[in-house]
């Protein structure tokens, strides 16, 4: 090993047949006692050995599969040589929050799923290596904001402080624009702070990135809801030269089922925000709002949010946690590794099952759910097999507490004047540069796309920031372009 800043070694020989090296996971009986990261980081030796498994594909399918098109082969090659700082610099060239992507990008999907080794061997542990090299860089050189050479005098409002919003703010502030980030909740960070449990992403990691942006000159205003405290019309016509909407998709979907209004039936985000536990142990969880001791918790849904809710309930001392999903395990949209982790922590799964109605007691609290078994039938428009109820398979599942994680929709910012175009799915309609039908308003992240992937949100933030910068500085001729027509064509 050459160390963090050693001289490059001669070209390495790949060892694809060597077993994949992954971060060690803390034992389930230990990790359910706190909200700290469940994984132990790789060592330098482990990173070099694992990066050495890359076979340097000519077509690099991992790069194509990454929404940011990170130059993964290049930084894997550098990491294999022990050139961790140089590897991190390559990673940071295309990603504004690589230390966060390295923690929460979906494991086993995107770049790793596309890895050529997946055909005969296990894919390279790209995410774990990305995390290691960037944390090594921060330890060695710090997370210091660059000096902005000059100020343009232009102002930009960013609505939402999740990955897309933070990335856009970073890119625009680096280019000399004055950026103000508006966050509806009491803490900036979007779902990175207000949704993802600390056992997947500890809060100090996001807070460190927020401090960096403040040093860069980005201003954060919390508890500001567009439509309540300020209108979009005011933002785009009076207060700022440009606006980027990155409000995410946080409106929980609720099926029309009998008893859905009973007390004890909760949406997932409020539950996760109240009970994420921060970075504290059980004894230090002063802000946990829900006492689940001895209770049976039923979570409906098959995505990562459902698994997050179930694993959080385990850490809140629930007696029994059941995750109910209407398809089989193979067709769950959530990460298979997250499902396995949940099983290790004691979460039970009821597959091919869906709710019919919720049953309550005389005080109006949920006490049971009537469910029905399903089987997989024909495929839908997205190519997924539809669940079909099995006749006379009804059964009652007793429960004390229900979390509904059926997915999320966009809750658009109130816009009483201009009428931003929306797609039939309720997301913002944008052109190929993330511009809406308003000349100085852009949008990105979960507000415009169905895929809830952090790298996709970062890509939107980068792409929109470049378009906004060119608009503000006149670097791109946009005269005569009818943006309303362009965007309208995208939603037909």
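Residue numbers (my numbering): 24 to 515.
Note that beta-carbon positions come from the ideal geometry of N, C-alpha and C, so glycine has one too.
Bear in mind that the values here come from a model prediction, so they are computed numbers and not experimental data.
Beyond the five residues adjoining it in sequence on each side, residue 65 comes within less than 6 Å, by CB distance, of 46, 151 and 155 in the same chain, given in chain order.
Boundaries of the alpha helix (DSSP H) harbouring residue 86: 84-88, taken from the DSSP string.
A direct Cα-Cα distance of roughly 10 Å separates residue 257 from residue 250.
For the options 437, 128, 67 and 61, the alpha carbon positioned closest to that of residue 99 is the one of 67. Taking the Cα positions, residue 59 is about 42 Å away from residue 463.
Annotated three-state conformation of residue 350 is coil, per DSSP. Ranked by Cα distance from residue 315, the options 49, 299, 342 and 51 are led by 342. Taking C-beta atoms as the reference points, residue 360 and residue 377 fail to come closer than 8 Å. In the structure shown, the three-state DSSP call for residue 253 is strand. Counting only the Cα atoms, residue 282 lies some 8 Å from residue 389. Residue 206 counts as buried, since no fewer than 16 other beta carbons sit within 10 angstroms of its beta carbon. For residue 127, the CB contacts under 7 Å within the same chain, skipping 5 residues up- and downstream, are 219, 223, 224 and 477 in chain order.
Excluding its 5 nearest sequence neighbours in each direction, residue 426 has C-beta neighbours in its own chain below 6 Å: 289, 291, 294, 322 and 332, listed in chain order. Comparing alpha carbon positions, the residue from 391, 356, 137 and 454 closest to residue 406 is 356.
For residue 372, the enclosing beta strand (DSSP E) stretches over residues 371-373. For residue 372, the number of other beta carbons within 10 angstroms of its own is at least 16, and it is reported as buried.
Here residue 377 is bridged, per DSSP, to 395.
DSSP places residue 229 in the helix class (H, G or I) of the three-state scheme.
DSSP places residue 444 outside any beta strand (DSSP E), giving it a letter other than H or E.
The C-beta separation of residue 421 from residue 319 comes to about 6 Å, placing the pair in contact by the 8 Å criterion.
In the structure shown, residue 195 adopts helical secondary structure according to DSSP, grouped into three states. A straight line joining the alpha-carbon of residue 81 with that of residue 69 spans about 25 Å.
CA-CA distance, residue 381 to residue 278, rounds to 11 Å. Looking from the CA of residue 392, the closest CA among 275, 370, 162 and 418 belongs to 418. Taking all protein chains shown into account, residue 139 has 16 or more neighbouring C-beta atoms within 10 Å of its C-beta and is therefore buried. Our two residues, residue 274 and residue 93, have alpha carbons roughly 31 Å apart in a direct line. In the DSSP assignment, residue 274 is bridged to 432. When DSSP states are grouped into helix, strand and coil, residue 343 belongs to the strand group.
DSSP places residue 313 outside both helix and strand once states are collapsed to three, so it counts as coil. Shortest Cα-Cα distance from residue 217 to any of 72, 328 and 73 involves 328. The residue among 74, 48 and 55 with its C-alpha nearest the C-alpha of residue 39 is 74. Beta-carbon to beta-carbon, residue 269 and residue 470 are separated by about 6 Å, close enough to satisfy the 8 Å threshold. For residue 296, the secondary structure class from DSSP, reduced to helix, strand or coil, is helix. Residue 202 sits close to residue 181, with the two beta carbons spaced by under 8 Å.
Check the Cα spacing between residue 228 and each of 479, 379 and 123: the tightest is with 123.
The C-alpha of residue 130 is placed about 13 Å away from the C-alpha of residue 145.
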